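Asks: Everything in the sequence shown is counted per the working numbering, starting at 70 for the first residue and increasing by one.
Note that CB positions come from ideal geometry on N, CA and C, so glycine has one too.
Quick caveat, the model's predicted, so the values are computed rather than measured.
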Amino acid sequence: MPARPREQWTGQVGFILSAIGSAVGLGNIWRFPGVAYENGGGAFLIPYLVALLTAGIPILFLDYAIGHRFRGSAPTSFRRLGGRALESLGWFQVMISFVIALYYTVVIAWALSYFVFSFDLRWGDDPAGFLVGDYLQVGDPGLSFEFVPSVLIPLVFVWAATILVLAAGIAKGVQRANVIFLPLLVVAFLVLVVRALFLDGAADGLNALFTPDWAALADPDVWIAAYSQIFFSLSIAFGIMITYASYRTRRANLTTPGLVVAFSNSSFEILAGIGVFATLGFFAFQQGVTVGELEGLTGVGLSFITFPAIVSQMPGGAIFGVLFFGSLTMAGFTSLLSVLQVVSAGFQEKFGLTAAQAAVRVGGVAAILSILLFSTTTGLLALDVADQWANNIGIVASAVLMSVLVLWVLRRGSELRYHLNAVSTFKVGRAWIVLVGGLAPVVLGYMLVSRIVTLTVEGYADMPGWYLVAVGWGAILVIVVGALLLTGMRWRFDPDRFDAWPPYPPGTRAGVTAATGARPEGPTSNGGAS
70 MPARPREQWT
80 GQVGFILSAI
90 GSAVGLGNIW
100 RFPGVAYENG
110 GGAFLIPYLV
120 ALLTAGIPIL
130 FLDYAIGHRF
140 RGSAPTSFRR
150 LGGRALESLG
160 WFQVMISFVI
170 ALYYTVVIAW
180 ALSYFVFSFD
190 LRWGDDPAGF
200 LVGDYLQVGD
210 PGLSFEFVPS
220 VLIPLVFVWA
230 ATILVLAAGI
240 AKGVQRANVI
250 FLPLLVVAFL
260 VLVVRALFLD
270 GAADGLNALF
280 TPDWAALADP
290 DVWIAAYSQI
300 FFSLSIAFGI
310 MITYASYRTR
320 RANLTTPGLV
330 VAFSNSSFEI
340 LAGIGVFATL
350 GFFAFQQGVT
360 VGELEGLTGV
370 GLSFITFPAI
380 VSQMPGGAIF
390 GVLFFGSLTM
400 AGFTSLLSVL
410 QVVSAGFQEK
420 FGLTAAQAAV
430 RVGGVAAILS
440 ILLFSTTTGL
450 LALDVADQWA
460 NNIGIVASAV
470 LMSVLVLWVL
480 RRGSELRYHL
490 NAVSTFKVGR
500 AWIVLVGGLA
510 PVVLGYMLVS
520 RIVTLTVEGY
530 ADMPGWYLVA
540 VGWGAILVIV
550 VGALLLTGMR
560 WRFDPDRFDA
570 WPPYPPGTRA
580 GVTAATGARP
590 EGPTSNGGAS
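The structure is reproduced here in structure tokens:
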């Protein structure tokens with residue numbers, strides 16, 4: 070049975086805005102400033118730029134090439150690239166996205182709550198106590214079904230909004246949401262940054278962030294931190310950009326928009342660093358301490374403890390809080406849409422579902438699991454552990470496997486490079502293959518092994534070993550088992566009736582998938598010229 074016509078972005082601008090919306094997320098605002106500060110300040114920008122050019126952009130191009138050439142979600146594209154065995158890698162990426170969506174949604178719900186709390190500064194004089202006690206009601210590690218209404222209600226709202234957007238499809242749903250929210254995010258954050266620059270002590274904060282510690286460049290951990298930040302920030306190697314690129318027209322430019330996305334993401338990170346540290350400089354000035362003596366410079370502590378404390382002390386703090394938590398909510402929401410689109414697209418193509426059917430069925434299951442696991446008194450602890458394992462082991466392992474299998478085992482680097490150059494204005498040379506197939510898996514492999522050793526030997530955050538096994542390694546087990554089960558299920562449509570365009574090698578009649586030997590059906594076949 071022929072597949073449905075493939076959805077498409079309405080144009081290049083819609084794709085670029087959606088890709089930037091995916092890349093610009095919570096990590097840009099609450100992770101980059103602290104990572105830069107702790108790893109050499111201004112000097113960190115050197116390894117950061119090197120990591121962007123040698124790993125971030127090359128792997129982004131790899132994602133684009135796979136998704137655009139093979140015209141499908143991660144499972145479909147990998148199936149067409151390397152057969153049934155490689156399809157499992159696609160489902161591995163889908164399962165990673167599914168697990169991440171379960172807890173990422175909760176953080177957006179928190180940000181939405183704090184957006185409302187900002188109007189009356191509800192956290193009072195003790196933001197830490199308010200977050201842990203009054204708002205999240207954090208209990209001991211374990212499985213709890215004691216729901217926290219203040220988290221449950223906004224979480225249900227976020228899931229409902231997400232399912233509605235995904236059900237509307239790519240152009241009318243995901244793209245339209247990004248076209249609305251991304252400009253709003255940029256404007257709101259620019260206003261926030263400008264306000265922060267005029268606070269007392271802002272210059273001290275910026276000096277703390279950008280004063281270079283050149284000695285840090287001799288520390289290998291600083292370089293690893295740079296690669297880690299780029300890798301997690303760009304939304305690469307777990308299906309998002311493969312899926313997004315598959316919705317572009319056959320002759321769409323890939324590399325130039327990729328550069329726009331990559332540098333826009335990095336520009337927003339630097340903008341976030343300026344805004345965050347100018348604000349931290351004000352807080353340090355008010356406390357009579359240096360920025361280095363402050364606590365909570367990254368993650369949940371920065372966003373939901375330090376910033377509320379700052380907002381309470383500054384003139385017009387309520388407006389500042391509304392801008393900050395509104396920006397956090399929008400950044401998280403556009404990224405969440407991309408994460409769940411990976412899951413939705415995979416199920417649509419394998420089981421013949423419409424966008425609305427996939428959104429309701431898959432999104433409904435995800436919403437129920439998310440509410441059961443993360444809107445209870447143990448939600449914060451479960452989120453913290455699941456995030457460590459899914460990001461630092463799941464995504465990094467996916468990237469290493471993708472590079473090694475596609476470039477080393479299947480030796481498809483030349484074909485993918487040819488595809489990028491055939492449709493793009495900015496051409497990539499043979500160095501791209503070296504970076505993607507050589508440097509990237511070495512650096513990421515080191516990150517993966519070192520993190521596994523650290524989590525195994527030292528544990529994490531003083532939590533009980535049994536809890537880390539159950540939640541952390543349990544999440545990885547769910548991802549692996551889910552990928553294998555989904556690979557074994559029957560396709561509703563034949564994914565191998567496919568014609569890769571342009572033909573490779575040049576001059577051949579049509580592109581036949583090497584691993585499956587499928588006979589091309591012409592440009593109007595499943596995934597054909599659209």
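Ends of the alpha helix (DSSP H) at Val-234?
Replies: Counting along the chain, the alpha helix (DSSP H) containing Val-234 begins and ends at 218-236.
Asks: Excluding the 5 residues flanking Thr-123 on each side, which residues of the same chain have their C-beta closer than 7 Å to its C-beta?
Replies: Correct list, in chain order: Leu-504, Leu-508.
Asks: Count the C-beta pairs between the stretch 366-384 and the stretch 149-158 that are closer than 8 Å, then say yes if the count reaches three, no if not.
Replies: Counting Cβ pairs under 8 Å, fewer than three are found: no touch.
Asks: Ends of the alpha helix (DSSP H) at Glu-484?
Replies: Glu-484 -> alpha helix (DSSP H) spans 482-492.
Asks: Please identify the residue among Met-399, Pro-210, Val-234, Leu-200 whose C-alpha is closest to the C-alpha of Ser-219.
Replies: Nearest of Met-399, Pro-210, Val-234, Leu-200 to Ser-219, Cα basis: Leu-200.
Asks: Going along the chain, which residues of its own chain have a beta-carbon closer than 7 Å to the beta-carbon of Gln-244, five neighbours each way excluded?
Replies: Around Gln-244: Trp-78, Thr-79, Gly-83, Ser-87.
Asks: Can you say whether Gly-94 is buried or exposed, counting buried as having 16 or more other CB atoms within 10 angstroms of its CB?
Replies: Gly-94 should be labelled buried.
Asks: By a C-beta neighbour count over all protein chains shown, 10 Å radius and 16 as the cutoff for buried, is Gln-206 buried or exposed?
Replies: So Gln-206 counts as buried.
Asks: Tell me the rounded alpha-carbon separation between Asp-195 and Trp-283.
Replies: When rounded, the distance between both Cα atoms is 38 Å.
Asks: For the stretch 318-326 and the stretch 232-248, state whether three or more C-beta atom pairs, one from each stretch, are separated by less than 8 Å.
Replies: No: the two stretches stay apart, fewer than three of their Cβ pairs being nearer than 8 Å.
Asks: May I ask which residues mark the beginning and end of the alpha helix (DSSP H) holding Trp-33?
Replies: Any answer about residue 33 is impossible in this case: the structure gives the chain only from 70 up to 599.
Asks: If you draw a straight line from the C-alpha of Phe-258 to the C-alpha of Phe-332, how long is it?
Replies: Rounded to whole angstroms, Phe-258 to Phe-332 spans 17 Å at the Cα level.
Asks: Indicate the three-state DSSP secondary structure (helix, strand or coil) for Thr-423 in the structure shown.
Replies: Here Thr-423 sits in coil by DSSP.
Asks: Taking DSSP as the reference, what is the three-state secondary structure of Thr-403?
Replies: The answer is helix: DSSP assigns Thr-403 an H, G or I state.
Asks: Alpha carbon to alpha carbon, how far is Ala-412 from Ala-552?
Replies: Rather than Ala, the amino acid found at residue 412 in this sequence is Val. About 12 Å.
Asks: Of the residues Arg-149, Trp-192, Glu-107, Thr-324, which one's Cα is nearest the Cα of Leu-131?
Replies: Nearest option by C-alpha distance: Thr-324.
Asks: Alpha carbon to alpha carbon, how far is Val-329 from Leu-450? Give it in angstroms, no decimals.
Replies: C-alpha separation (whole angstroms): 37 Å.
Asks: Measure how close the beta-carbons of Phe-216 and Thr-445 come, nearest whole angstrom, since I'm counting them as under 8 Å.
Replies: About 6 Å separates the two Cβ atoms, so the contact holds.
Asks: Since Gly-125 and Leu-303 are thought to touch, with beta carbons under 8 Å apart, how far apart are those beta carbons, to the nearest angstrom?
Replies: At roughly 5 Å, the Cβ-Cβ gap stays under 8 Å, so Gly-125 and Leu-303 are in contact.
Asks: With the cut-off set at 8 Å, would you say Leu-261 and Phe-393 are in Cβ contact?
Replies: Cβ distance < 8 Å, so Leu-261 and Phe-393 count as in contact.
Asks: Should the stretch 411-425 be called in touch with the stretch 181-191, which here means at least 3 C-beta pairs below 8 Å?
Replies: In short, these stretches do not touch, since the Cβ pair count stays below three.
Asks: Can you tell me whether DSSP reads Thr-445 as helix, strand or coil?
Replies: Here Thr-445 sits in strand by DSSP.
Asks: Where does Thr-582 fall in DSSP's three states?
Replies: Residue placement at Thr-582 is poorly supported in this model, since its pLDDT is 45, which falls under 50; the coordinates still yield a value, given next. Three-state result, Thr-582: coil.
Asks: Using the beta-carbon count (16 or more within 10 Å), is Arg-559 buried or exposed?
Replies: Its Cβ having fewer than 16 others within 10 Å, Arg-559 is exposed.
Asks: With DSSP run on the structure shown, which of helix, strand or coil describes Ala-530?
Replies: Ala-530: coil per DSSP, three-state reduction.
Asks: By a C-beta neighbour count over all protein chains shown, 10 Å radius and 16 as the cutoff for buried, is Ala-287 buried or exposed?
Replies: So Ala-287 ends up on the exposed side.
Asks: What is the rounded straight-line gap between the Cα of Gly-597 and the Cα of Tyr-573?
Replies: Here Gly-597 scores only 36 on pLDDT, less than 50, and its place in the model should not be relied on; the value that follows carries that caveat. Gly-597 and Tyr-573: Cα-Cα distance of roughly 15 Å.
Asks: In the structure shown, what three-state DSSP assignment does Ala-598 receive?
Replies: Residue confidence is low: Ala-598 scores 32 on pLDDT, short of 50, so the model does not pin down where it sits. No coordinate-derived value is stated.
Asks: Hey, how far is the Cα of Ala-277 from the Cα of Met-471?
Replies: Looking at the two C-alpha atoms, the distance is approximately 38 Å.
Asks: Work out the CA separation of Ser-142 and Ala-341 for me, nearest whole Å.
Replies: About 32 Å.
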